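Visitor: Protein sequences, first through last, are from chains P and Y.
Take 12 as the starting number for the first sequence in my numbering and just add one per residue.
Take 2 as the starting number for the second sequence in my numbering and just add one per residue.
This structure is in structure tokens; I'll ask about it shortly.
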Amino acid sequence: KQEVTQIPAALSVPEGENLVLNCSFTDSAIYNLQWFRQDPGKGLTSLLLIQSSQREQTSGRLNASLDKSSGRSTLYIAASQPGDSATYLCAPCISNFGNEKLTFGTGTRLTIIP
Amino acid sequence: GAGVSQSPSNKVTEKGKDVELRCDPISGHTALYWYRQSLGQGLEFLIYFQGNSAPDKSGLPSDRFSAERTGGSVSTLTIQRTQQEDSAVYLCASSPQARGTQYFGPGTRLTVL
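What follows is the structure, given as structure tokens:
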């Protein structure tokens with residue numbers, strides 16, 4: 012059974028700083044891994060999808076890395092802004108025999124202090 | 002374009018009643034997913050559809066839960082004889098293809114009294 016851990020559970024940083032969110036997972040036989048953000052009372056917004064064959068994926072100020080063999084992924088946010096405040100979730104995807112499943116971590120609650 | 006929509010946005014029901022939750026995926030998306038988010042459990046996968054087929058229903062919490070998808074589009078999640086532990090936000094997502102980026106709807110908040 013896939014287990015996903017995100018560290019830290021909560022993080023507060025001043026505006027403008029760079030930061031790293033960590034995700035680890037126990038089953039390395041993943042197809043891809045997605046990072047999402049969730050704003051309070053709202054659904055999830057996809058940020059990045061990184062394939063198992065990739066090492067990195069970038070979108071604007073966001074950069075996700077993946078080390079599949081060690082079961083780790085990081086999300087790097089550059090030059091943080093107050094609008095980045097949200098809960099960030101990572102979700103590795105297991106896919107086999109026509110089935111597909113994302114397993115979510117418990118998230119990192121990020122607060123950017125103006 | 003239109004995103005994933007879910008209805009109702011909020012549902013309050015009495016214990017023992019049946020409820021139906023609806024998901025309208027993004028047009029043309031072949032893959033559809035249901036999740037549940039509750040305070041004590043985080044985000045939990047329920048079921049995946051590719052077209053109208055659900056290869057694996059083992060993520061459904063009990064036999065009171067069922068889901069169907071018709072015409073490769075709209076999906077309905079039905080909970081029979083609701084219990085208080087069913088209270089949660091039920092989220093639906095769709096993707097243009099299997100193993101692709103998932104786009105989430107706003108969710109249905111279910112409260113069982």
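By construction, the Cβ of each residue, glycine as well, lies at the ideal position given by its N, Cα and C atoms.
From a predicted model like this one, the values you see are computed outputs, not experimental measurements.
Which residues of chain P have a Cβ atom closer than 8 Å to the Cβ of Tyr-104 (chain Y), listed in chain order?
Guide: Locating residue 104 (chain Y) in the second sequence gives position 103, where the first residue counts as 1. Within chain P, the residues near Tyr-104 (chain Y) are Ser-57.
Visitor: Can you list, in chain order, the residues of the stretch 99-123 of chain P whose Cβ is nearer than 9 Å to any Cβ on chain Y?
Guide: Correct list: Leu-100, Ala-102, Cys-104, Ser-106, Phe-108, Gly-109, Asn-110, Glu-111, Lys-112, Leu-113, Thr-114, Phe-115, Gly-116, Thr-117 and Gly-118.
Visitor: Counting contacts by CB-CB distance shorter than 8 Å, is Leu-22 (chain P) in contact with chain Y?
Guide: Here residue 22 (chain P) is taken as the residue at index 11 of the first sequence, counted from 1. False, the Cβ-Cβ gap to chain Y never drops below 8 Å.
Visitor: Determine the closest residue to Ile-88 (chain P) out of P:Leu-73, P:Ser-81, P:Ala-102 and P:Ser-96, with distance taken between C-alpha atoms.
Guide: Position 77 of the first sequence, counted from the start, is the residue given in the question as residue 88 (chain P). Comparing Cα positions, the closest option is P:Leu-73.
Visitor: Would you call the CB atoms of Val-20 (chain Y) and Ile-80 (chain Y) closer than 8 Å?
Guide: As a working mapping, residue 20 (chain Y) is identified with position 19 in the second sequence. As a working mapping, residue 80 (chain Y) is identified with position 79 in the second sequence. Closer than 8 Å, so yes.
Visitor: Should Gln-65 (chain P) be flagged as near chain Y, meaning a C-beta pair shorter than 8 Å?
Guide: The sequence position of residue 65 (chain P) within the first sequence is 54, counting from 1. For Gln-65 (chain P), the answer is no, since every Cβ of chain Y falls outside 8 Å of its Cβ.
Visitor: Leu-113 (chain P) lies in the beta strand (DSSP E); which residues open and close that run?
Guide: Within the first sequence, residue 113 (chain P) is the residue found at index 102, counting from 1. Start and end: 110-113.
Visitor: Where does Leu-40 (chain Y) land, buried or exposed, given buried means 16+ other C-beta within 10 angstroms?
Guide: Numbered from its first residue, the second sequence carries residue 40 (chain Y) at position 39. Label assigned to Leu-40 (chain Y): exposed.
Visitor: By DSSP's criteria, Gly-43 (chain Y) is part of a beta bridge. Which residues make up the other side?
Guide: Position 42 of the second sequence holds residue 43 (chain Y). Per DSSP, Y:Ser-39.
Visitor: For the ligand MG, is there any heavy atom lying closer than 7 Å to the beta carbon of Phe-47 (chain P)?
Guide: The ligand MG is not among the ligands present in this structure, which contains no ligands whatsoever.
Visitor: How many angstroms separate the CA atom of Phe-173 (chain P) from the CA atom of Ser-57 (chain P)?
Guide: Coverage of chain P is limited to positions 12 through 125, which leaves residue 173 (chain P) absent and any answer about it impossible.
Visitor: What residue range is occupied by the uninterrupted beta strand (DSSP E) comprising Tyr-99 (chain P)?
Guide: Looking up residue 99 (chain P) in the first sequence gives position 88. 97-107 is the extent of the beta strand (DSSP E) around Tyr-99 (chain P).
Visitor: For Gln-45 (chain P), decide whether its Cβ has a neighbour in chain Y, counting only Cβ atoms nearer than 8 Å.
Guide: Along the first sequence, read from residue 1 onward, the residue named residue 45 (chain P) stands at position 34. So yes, Gln-45 (chain P) belongs to the interface.
Visitor: Looking at Ala-89 (chain Y): is its Cβ nearer than 8 Å to the Cβ of Leu-111 (chain Y)?
Guide: Taking the first residue of the second sequence as position 1, residue 89 (chain Y) is located at position 88. Taking the first residue of the second sequence as position 1, residue 111 (chain Y) is located at position 110. The answer is yes: Cβ separation under 8 Å.
Visitor: Roughly how many angstroms separate the alpha carbons of Thr-102 (chain Y) and Leu-22 (chain Y), rounded to a whole number?
Guide: As a position in the second sequence, residue 102 (chain Y) is number 101, starting the count at 1. As a position in the second sequence, residue 22 (chain Y) is number 21, starting the count at 1. The alpha-carbon atoms of Thr-102 (chain Y) and Leu-22 (chain Y) are separated by roughly 23 Å.
Visitor: Whole angstroms is fine: what's the gap from Ala-97 (chain P)'s alpha carbon to Gln-62 (chain P)'s?
Guide: As a first step, residue 97 (chain P) must be located in the first sequence, where it is residue number 86. As a first step, residue 62 (chain P) must be located in the first sequence, where it is residue number 51. Taking the straight line joining both Cα atoms gives about 24 Å.
Visitor: Expressed to the nearest angstrom, what Euclidean distance is found between the alpha-carbon atoms of Leu-44 (chain P) and Ser-91 (chain P)?
Guide: In the first sequence, counting from the first residue as 1, residue 44 (chain P) sits at position 33. In the first sequence, counting from the first residue as 1, residue 91 (chain P) sits at position 80. If you take the alpha carbons of Leu-44 (chain P) and Ser-91 (chain P), they lie about 23 Å apart.
Visitor: Do Leu-92 (chain Y) and Tyr-49 (chain Y) count as a contact pair if the criterion is CB distance below 8 Å?
Guide: Mapped onto the second sequence, residue 49 (chain Y) falls at position 48. Mapped onto the second sequence, residue 92 (chain Y) falls at position 91. For Tyr-49 (chain Y) and Leu-92 (chain Y), no; Cβs fall outside 8 Å.
Visitor: Would you report the Cα separation of Gly-82 (chain P) and Asp-87 (chain Y), rounded to the nearest angstrom?
Guide: What you label residue 82 (chain P) is simply residue 71 of the first sequence in a count that begins at 1. What you label residue 87 (chain Y) is simply residue 86 of the second sequence in a count that begins at 1. Roughly 32 Å between the two C-alpha positions.
Visitor: Checking 8 Å against the spacing of the C-beta atoms, do Gly-29 (chain Y) and Pro-97 (chain Y) come in under that value?
Guide: In the second sequence, residue 29 (chain Y) corresponds to position 28, counting from 1. In the second sequence, residue 97 (chain Y) corresponds to position 96, counting from 1. For Gly-29 (chain Y) and Pro-97 (chain Y), yes; Cβs fall inside 8 Å.
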